[in-house]
Amino acid sequence: MAEHTVAVTVRYFAAAAAAAGVDTETLDLAKDSTIATLVEHLSGRDTELARVLKRCSYLLDGVAVRDLGKPVSTSQTLDVLPPFAGG
1 MAEHTVAVTV RYFAAAAAAA GVDTETLDLA KDSTIATLVE HLSGRDTELA
51 RVLKRCSYLL DGVAVRDLGK PVSTSQTLDV LPPFAGG
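Residue numbers (the UniProt record's numbering): 1 to 87.
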């Protein structure tokens with residue numbers, strides 16, 4: 001990994017995993033990337049994944065994301081959580 005990139009692990013759950021086709025992946029992103037740019041990158045891969053991501057909540061290292069403009073850094077994990085049914 002080059003100094004100008006960060007490696008972020010993305011974990012998908014339920015419908016997000018089905019749309020992504022994987023449960024987990026690690027992405028190399030530009031050093032100045034935010035959660036929003038990461039989600040945009042993922043959305044550009046597939047229309048079904050883009051549709052699912054619009055409804056998802058996100059956790060960054062286990063903490064709920066309230067600001068998609070938050071920068072990401074190496075070794076962080078982003079959990080992608082679609083709405084869950086049940087109770």
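Note that the Cβ used here is the ideal one computed from N, Cα and C, for glycine as well.
Secondary structure at residue i, three-state DSSP: helix, strand or coil?
i: Ala16; result: helix
i: Leu81; result: strand
i: Thr37; result: helix
Can you give the beta carbon distance from residue i to residue j, rounded, assuming they're within the 8 Å contact cut?
i: Ala18; j: Cys56; result: About 13 Å separates the two Cβ atoms, so there is no contact after all.
Does the Cβ-Cβ distance between residue i and residue j come in under 7 Å?
i: Asp28; j: Thr5; result: yes
i: Thr24; j: Arg11; result: yes
Pull up the DSSP beta-bridge partners for residue i, would you.
i: Glu3; result: Answer is none; Glu3 lacks a bridge partner.
i: Glu25; result: Val10
i: Ala64; result: Leu59
i: residue 89; result: Here the chain has residues from 1 to 87 only, and residue 89 is not among them.
What do you get for residue i, buried or exposed, if any count of 16 or more other CB atoms within 10 angstroms of its CB means buried?
i: Ala20; result: buried
i: Asp61; result: exposed
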